[in-house]
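J.:
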Amino acid sequence: MAETPALQQVGTPALPEQKKRAKGWPGPIAGAMVTGLCAVLGIAAFASGTADLGQTGKPDDHDRHTPQLVPAAVKQAAPLPRGGWTVSADSQEPTTNNQASKMLDGDANTFWHTQFVNGTPPLPHEFTLDMKAAKRISGVTVLPRPKTADAGSVNGRIGQYKVLVSTDGANFTLVASGTFVDDPTLKTVTFATTTARYVRLTALTEAADRGQWSSVAEFNVLDGTDPLLHRQGWTASADSQETAPGADNPASKALDGNTATYWHSKFVNGTDGLPHQITIDTHGTYLISGLSYLPRPTTADPGSANGRIGAYRIESSVDGAVWTVVANGAFPDSPLAQTVTFDQQLARYVRLVATGEAANRGPWSSAAELNLHGRAASALSRDGWTVTADSEEPVDFNEAWRMLDSSAATYWHTQFVSATPALPHSFTLDTKGNTAMGGLTLLTRPGTGSPNGRIGQYRIDVSGDNATWTQVATGTFTDTAGQKSVVFPNTTARYVRLTALTEAGNRGQWSSAAEVGLIAPLAPADPSKTGAWGAPIGLPVIPVAVVPLPNGKVLAWSSGTPDTFPSLGKTYTAIVDPNTRVVTPQIVNQTGHDMFCPGISIIPDGRVVITGGDDTRKTTIYDPASNAWTTGPLMVKERGYQSTTTLSDGRVFNIGGSWSGPIGGKNGEVWSPSTGWTDLPGAAVGPMLTADPQGVYRSDNHAWLFGWSNGTVLQAGPSKAMNWYGTTGTGSTWPAGQRGTDNDAMNGNAVMYDTGKILTLGGSPAYQESAASARAHVLTIASGGGAVNVREVAPMANARSFANSVVLPDGKVAVFGGQTWPVPFSDNTAVYDAEIWDPATETFTPLAPSSAPRTYHSVAVLLPDARVFTGGGGLCGPGCANNHWDGEIFTPPYLLNADGSPRPRPTITGAPTSAPHGAGILVATDRPVSKFALVRYGSATHSVNTDQRRISLTATEGPNGYNVTIPADPGVALPGTYMLFAMDANGVPSVARTIRIG
Numbered sequence: 000m001a002e003t004p005a006l007q008q009v010g011t012p013a014l015p016e017q018k019k020r021a022k023g024w025p026g027p028i029a030g031a032m033v034t035g036l037c038a039v040l041g042i043a044a045f046a047s048g049t050a051d052l053g054q055t056g057k058p059d060d061h062d063r064h065t066p067q068l069v070p071a072a073v074k075q076a077a078p079l080p081r082g083g084w085t086v087s088a089d090s091q092e093p094t095t096n097n098q099a100s101k102m103l104d105g106d107a108n109t110f111w112h113t114q115f116v117n118g119t120p121p122l123p124h125e126f127t128l129d130m131k132a133a134k135r136i137s138g139v140t141v142l143p144r145p146k147t148a149d150a151g152s153v154n155g156r157i158g159q160y161k162v163l164v165s166t167d168g169a170n171f172t173l174v175a176s177g178t179f180v181d182d183p184t185l186k187t188v189t190f191a192t193t194t195a196r197y198v199r200l201t202a203l204t205e206a207a208d209r210g211q212w213s214s215v216a217e218f219n220v221l222d223g224t225d226p227l228l229h230r231q232g233w234t235a236s237a238d239s240q241e242t243a244p245g246a247d248n249p250a251s252k253a254l255d256g257n258t259a260t261y262w263h264s265k266f267v268n269g270t271d272g273l274p275h276q277i278t279i280d281t282h283g284t285y286l287i288s289g290l291s292y293l294p295r296p297t298t299a300d301p302g303s304a305n306g307r308i309g310a311y312r313i314e315s316s317v318d319g320a321v322w323t324v325v326a327n328g329a330f331p332d333s334p335l336a337q338t339v340t341f342d343q344q345l346a347r348y349v350r351l352v353a354t355g356e357a358a359n360r361g362p363w364s365s366a367a368e369l370n371l372h373g374r375a376a377s378a379l380s381r382d383g384w385t386v387t388a389d390s391e392e393p394v395d396f397n398e399a400w401r402m403l404d405s406s407a408a409t410y411w412h413t414q415f416v417s418a419t420p421a422l423p424h425s426f427t428l429d430t431k432g433n434t435a436m437g438g439l440t441l442l443t444r445p446g447t448g449s450p451n452g453r454i455g456q457y458r459i460d461v462s463g464d465n466a467t468w469t470q471v472a473t474g475t476f477t478d479t480a481g482q483k484s485v486v487f488p489n490t491t492a493r494y495v496r497l498t499a500l501t502e503a504g505n506r507g508q509w510s511s512a513a514e515v516g517l518i519a520p521l522a523p524a525d526p527s528k529t530g531a532w533g534a535p536i537g538l539p540v541i542p543v544a545v546v547p548l549p550n551g552k553v554l555a556w557s558s559g560t561p562d563t564f565p566s567l568g569k570t571y572t573a574i575v576d577p578n579t580r581v582v583t584p585q586i587v588n589q590t591g592h593d594m595f596c597p598g599i600s601i602i603p604d605g606r607v608v609i610t611g612g613d614d615t616r617k618t619t620i621y622d623p624a625s626n627a628w629t630t631g632p633l634m635v636k637e638r639g640y641q642s643t644t645t646l647s648d649g650r651v652f653n654i655g656g657s658w659s660g661p662i663g664g665k666n667g668e669v670w671s672p673s674t675g676w677t678d679l680p681g682a683a684v685g686p687m688l689t690a691d692p693q694g695v696y697r698s699d700n701h702a703w704l705f706g707w708s709n710g711t712v713l714q715a716g717p718s719k720a721m722n723w724y725g726t727t728g729t730g731s732t733w734p735a736g737q738r739g740t741d742n743d744a745m746n747g748n749a750v751m752y753d754t755g756k757i758l759t760l761g762g763s764p765a766y767q768e769s770a771a772s773a774r775a776h777v778l779t780i781a782s783g784g785g786a787v788n789v790r791e792v793a794p795m796a797n798a799r800s801f802a803n804s805v806v807l808p809d810g811k812v813a814v815f816g817g818q819t820w821p822v823p824f825s826d827n828t829a830v831y832d833a834e835i836w837d838p839a840t841e842t843f844t845p846l847a848p849s850s851a852p853r854t855y856h857s858v859a860v861l862l863p864d865a866r867v868f869t870g871g872g873g874l875c876g877p878g879c880a881n882n883h884w885d886g887e888i889f890t891p892p893y894l895l896n897a898d899g900s901p902r903p904r905p906t907i908t909g910a911p912t913s914a915p916h917g918a919g920i921l922v923a924t925d926r927p928v929s930k931f932a933l934v935r936y937g938s939a940t941h942s943v944n945t946d947q948r949r950i951s952l953t954a955t956e957g958p959n960g961y962n963v964t965i966p967a968d969p970g971v972a973l974p975g976t977y978m979l980f981a982m983d984a985n986g987v988p989s990v991a992r993t994i995r996i997g
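First residue of the sequence shown: 0, per numbering that gives the first Met the number 0; consecutive thereafter.
Shown next, in the form of structure tokens:
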């Protein structure tokens with residue numbers, strides 16, 4: 000067996016056959032499995048050996064052609080059953096059997112089509128789905144009509160669209176909008192999980208303007224779950240685990256983010272019998288509503304299926320002593336992730352009990368990853384509270400006050416010794432003051448005794464004066480022992496009354512409860528503190544690279560196709576208007592350049608220089624003013640994953656990039672508009688290499704570059720060794736010191752948030768499959784090109800790699816997305832919560848979470864209106880579940896009041912469109928402001944944004960406005976286009992004026 004040598008190499012004897020089968024050591028998945036599994040696993044798969052002739056005429060056999068197969072740790076959202084659903088449309092063509100109902104018939108060869116026989120109603124068109132009951136949903140899928148030999152079979156494909164939802168069929172809310180690609184593939188639109196009965200899709204345009212029609216073959220709605228909870232600081236324990244030499248399978252492996260490692264019950268020196276259990280301690284309190292289980296990885300070894308959990312039970316607990324069964328069932332004998340949802344339970348601990356092995360292969364249990372769904376919550380302190388009831392039994396020590404004695408062994412019970420009062424019964428909590436609350440918990444009488452009195456149907460009312468009552472919840476508890484949690488809208492009251500309308504098992508007229516408590520109000524979003532996200536904007540490309548434009552729009556592109564990177568000498572692009580949500584696609588083939596994985600730099604005249612990537616020596620120049628793409632000179636070296644930066648004299652420096660072309664030796668070169676690319680052999684790449692286990696192929700990627708004074712460049716990372724580069728003559732290199740005690744931080748971020756001040760954060764020691772860091776440092780550089788001053792500051796709340804960071808007009812830095820265990824083309828361990836760093840306190844605070852994971856190939860950039868565009872992730876091929884065909888607009892806290900309304904903001908009424916270095920300019924505003932800042936137009940790809948930087952400006956108030964001074968050093972204010980912001984005393988920024996410096 001394949002695993003035996005591995006054990007023998009570490010000095011242990013070969014295992015008996017049964018034990019070998021139990022272990023089933025991980026190994027490569029057979030290539031034949033890749034294509035068939037990729038769609039259901041939510042991963043990417045590409046045939047190995049694909050040739051890329053690039054610019055050299057030699058095959059490029061880099062690993063990029065075979066992205067790693069990584070199973071999704073959480074079950075992907077799936078279509079809900081459509082039984083009984085109905086759909087209506089504003090227009091349909093019954094004469095050709097193209098009614099709206101065809102979208103729900105399960106036949107991809109039939110389709111809805113708007114009228115076209117006896118008239119053609121104009122766009123827009125819409126259809127509305129009625130699911131007949133409110134459901135938790137997180138997206139929709141749209142299958143275009145089937146393409147046949149008939150040229151007209153493409154007619155009616157939807158282009159621009161809107162998706163709206165409603166609970167009552169009258170009031171609809173926008174949850175997503177965007178533009179579909181004009182092709183026959185299935186379209187997926189995702190949004191934050193919401194509750195709705197009705198779903199409406201409005202077709203605003205036909206995908207290629209072929210006519211006024213709309214059509215759809217099949218329409219599905221995706222189920223929704225609560226968000227994944229972060230696992231930082233969590234621990235796991237198990238009744239049995241295997242930690243013998245060569246068998247590293249402790250319970251902690253189920254929380255490490257690595258799908259190749261796993262917990263396994265004991266099997267080397269004995270086998271513990273079923274059942275087995277693994278317990279997660281969140282070290283906090285949450286309202287938990289689901290558990291996701293990923294079985295151990297499948298390998299070529301037939302024993303690798305051993306220990307897959309079959310029959311199971313899920314239990315939760317607040318204290319680790321009293322447990323409540325929240326779900327039970329049986330997982331299929333499958334390598335795929337499974338998600339179990341249940342009613343929300345306030346808990347700290349969750350225990351998965353395996354009562355069976357999925358195929359009865361043996362008495363083992365195993366798990367690669369465990370995740371929980373839910374939201375943060377906490378219980379209110381009950382100090383000083385009292386409780387009364389309409390009936391109690393003092394003879395048997397079952398008074399009402401027992402519900403507050405913190406003992407699960409004692410309980411309240413209605414009278415039963417000398418009389419049995421009839422239902423309903425009620426008890427009333429007095430919190431002794433107005434108390435904010437968001438729910439109630441109730442623990443049944445001990446499960447080891449009689450079940451009599453368990454409450455069935457109930458009603459909960461609240462009051463401020465014990466006289467006037469307001470109903471906040473109704474429902475029915477299951478007839479099971481344990482804790483019950485009821486969540487209701489946040490409210491403030493002194494008294495809470497629960498009325499028991501029935502006994503759960505109809506055993507009698509009794510009611511009982513061991514403990515009762517209240518849940519703290521679920522923190523409503525305060526946009527003035529957390530910011531707010533807009534509805535996703537669907538795109539016809541995966542936005543792997545983006546550049547914000549002076550007109551407020553965003554240029555986005557993917558590669559030679561919208562969803563993968565085949566190096567076809569062309570690039571799929573789109574221009575997104577964040578205000579109108581209109582997306583305009585364009586295929587750029589005139590430069591013969593697949594611009595995937597490039598270097599990007601904005602030069603002094605505002606044009607964008609895009610280099611290398613899939614077409615390894617190509618240069619393309621984009622002009623935002625004319626929306627024109629032109630061919631630039633070939634680079635000296637073949638490059639992909641390189642970094643470039645604009646220099647103080649307007650040239651562009653380029654270094655690294657062994658992802659494309661020959662590996663290694665990617666020393667610097669420099670571009671100028673007059674001479675093209677010039678080799679700089681003295682700008683040596685060697686000093687900036689990380690110690691990546693994949694070697695130079697990864698270790699010279701994604702340098703953190705900052706153009707500075709006199710044509711110098713600071714390389715601040717991701718290697719822990721920092722370096723200066725000189726760009727005169729044949730180039731030069733000298734050390735800038737170590738980044739404190741930081742490790743290599745590949746795929747981390749570095750942002751110049753003020754003149755000469757750089758915040759670095761996150762990253763991981765290796766490009767992939769190594770734990771991300773939460774560490775942050777402040778670097779201070781001077782003009783002399785000497786050692787950089789390094790200070791470590793408070794860490795992020797979340798470890799992140801593949802994140803994106805954006806400097807805001809006020810100097811704060813917003814951080815979006817990433818993973819705690821980075822793996823390309825995977826959304827496992829995604830970090831949804833954004834956070835913001837304040838230079839005044841040098842600390843991070845949380846922001847609102849995004850609706851989608853933003854991991855490998857995601858982007859984020861500042862817009863001229865002081866909002867942030869984020870999006871993308873994936874590019875892993877047709878049907879890959881980790882492709883994110885959308886972007887979101889994040890509105891930072893400084894623009895919002897607590898109720899979500901916009902804050903009044905200053906307006907710049909007058910400013911020049913250009914200024915030389917060292918100049919004084921006059922800026923007029925419509926109201927007093929307190930400060931000004933320049934933020935250079937940025938660009939983003941692969942977590943790199945070498946264009947953005949912020950500069951605080953000195954200003955004095957005059958009779959006609961403010962006299963603002965532009966920095967004299969072109970290394971501080973690199974020549975190019977900037978956003979000029981004015982901020983009032985509350986830190987609210989204006990919409991920027993674009994100004995060209997230099």
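All C-beta atoms in this analysis are idealised placements derived from N, C-alpha and C, irrespective of residue type, glycine included.
With distances taken Cα to Cα, identify the nearest neighbour of N827 among N803, D753, G256.
T.: The candidate whose alpha carbon is nearest that of N827 is G256.
J.: Would you report the Cα separation of D576 and P547, rounded to the nearest angstrom?
T.: Each residue's Cα considered, the two are about 10 angstroms apart.
J.: Are at least three pairs of beta-carbons, each pair with one atom in the region 604-623 and one in the region 548-562, less than 8 angstroms apart?
T.: Result yes; three or more Cβ-Cβ pairs closer than 8 angstroms.
J.: Consult DSSP for M745 and reduce its assignment to one of helix, strand or coil.
T.: Looking at M745 - three-state DSSP - the assignment turns out to be strand.
J.: Is the beta carbon of P523 sitting closer than 8 angstroms to the one on V180?
T.: Going by C-beta atoms, P523 is not nearer than 8 angstroms to V180.
J.: Using only CA atoms, which one of A735, A246, G474 lies nearest to L500?
T.: With distances taken between Cα atoms, L500 lies closest to G474.
J.: Kindly indicate the opening and closing residues of the beta strand (DSSP E) around V635.
T.: Counting along the chain, V635 falls outside any beta strand (DSSP E), and DSSP gives it neither H nor E.
J.: Can A781 and R799 be called in contact, C-beta distance under 8 angstroms?
T.: Result no, Cβ atoms of A781 and R799 do not sit closer than 8 angstroms.
J.: In this structure, does DSSP put Y494 in helix, strand or coil?
T.: DSSP places Y494 in strand when its eight states are reduced to three.
J.: Would you mind sorting I994 into buried or exposed? The rule is 16 or more other CB atoms within 10 Å of its CB.
T.: Buried is the call here.
J.: So what does DSSP say about L40, is it helix, strand or coil?
T.: Summary for L40: the model assigns pLDDT 40, below 50, so the residue's position carries little reliability, and this model does not support an answer.
J.: Please report the distance separating the alpha-carbon of G30 from that of F190.
T.: At G30 the pLDDT is 30, less than 50, meaning the model places this residue with poor confidence; the figure from the coordinates comes in the next sentence. Computed Cα separation, rounded: 34 angstroms.
J.: Among residues of its own chain, excluding the 5 on either side of T204, which ones have a beta-carbon nearer than 7 angstroms to its beta-carbon?
T.: These residues qualify, in order along the chain: L122, G158, Q159.
J.: Helix, strand or coil: how does DSSP classify D395 here?
T.: The answer is helix: DSSP assigns D395 an H, G or I state.
J.: Ordered along the chain, which non-local residues of its own chain (more than five positions away) have a Cβ less than 6 angstroms from that of Y621?
T.: Correct list, in chain order: V607, W628.
J.: So which of T127, V963, T491 has the shortest CA-CA distance to G432?
T.: Closest by alpha carbon: T491.
J.: Can you tell me which of the three DSSP states S989 falls into?
T.: In this structure, S989 counts as coil in the three-state DSSP scheme.
J.: Per DSSP, F705 is paired with what?
T.: F705 is bridged to L713.
J.: Rounded to whole angstroms, what is the Cα-Cα separation between I586 and G736?
T.: So the alpha carbons of these two residues sit roughly 44 angstroms apart.
J.: For the beta strand (DSSP E) holding T644, just list the boundary residues, first then last.
T.: Element bounds for T644: 642-645.
J.: Express the C-alpha separation of A531 and D898 in angstroms, rounding to a whole number.
T.: Those two C-alpha atoms are separated by around 11 angstroms.
J.: Mind checking which residues open and close the beta strand (DSSP E) that includes K528?
T.: Run containing K528: none in the beta strand (DSSP E); it sits in the alpha helix (DSSP H), 526-529.
J.: What does DSSP give as the partner residue(s) for T340 in the beta ladder?
T.: Paired residues: G289.
J.: Could you check whether D743 and A690 sit closer than 8 angstroms to each other, using their CB atoms as the reference points?
T.: Taking 8 angstroms as the Cβ cut-off, A690 and D743 qualify as a contacting pair.
J.: Assuming S647 and G730 are in contact, meaning their beta carbons sit under 8 angstroms apart, how far apart are those beta carbons, in whole angstroms?
T.: 15 angstroms between Cβ atoms; not a contact.
J.: Going by the DSSP bridge assignment, what does Q589 pair with across the sheet?
T.: None, per the DSSP bridge assignment.
J.: Check whether the Cβ atoms of L163 and R199 sit closer than 8 angstroms, and answer yes or no.
T.: A contact, by the Cβ cut-off of 8 angstroms.
J.: Assign D1008 to one of two classes, buried (16 or more other C-beta atoms within 10 Å of its C-beta) or exposed (fewer than that).
T.: Nothing in the structure corresponds to residue 1008, since the chain is present only between 0 and 997.
J.: Are the beta-carbon atoms of T643 and T630 separated by less than 8 angstroms?
T.: Taking 8 angstroms as the Cβ cut-off, T643 and T630 do not qualify as a contacting pair.
J.: Round the Cβ separation of G452 and H412 to the nearest angstrom and send it over; I've been treating them as touching at under 8 angstroms.
T.: About 6 angstroms; that satisfies the 8 angstroms criterion.
J.: By how many angstroms is the C-alpha of G810 removed from the C-alpha of F980?
T.: One C-alpha to the other measures close to 11 angstroms.
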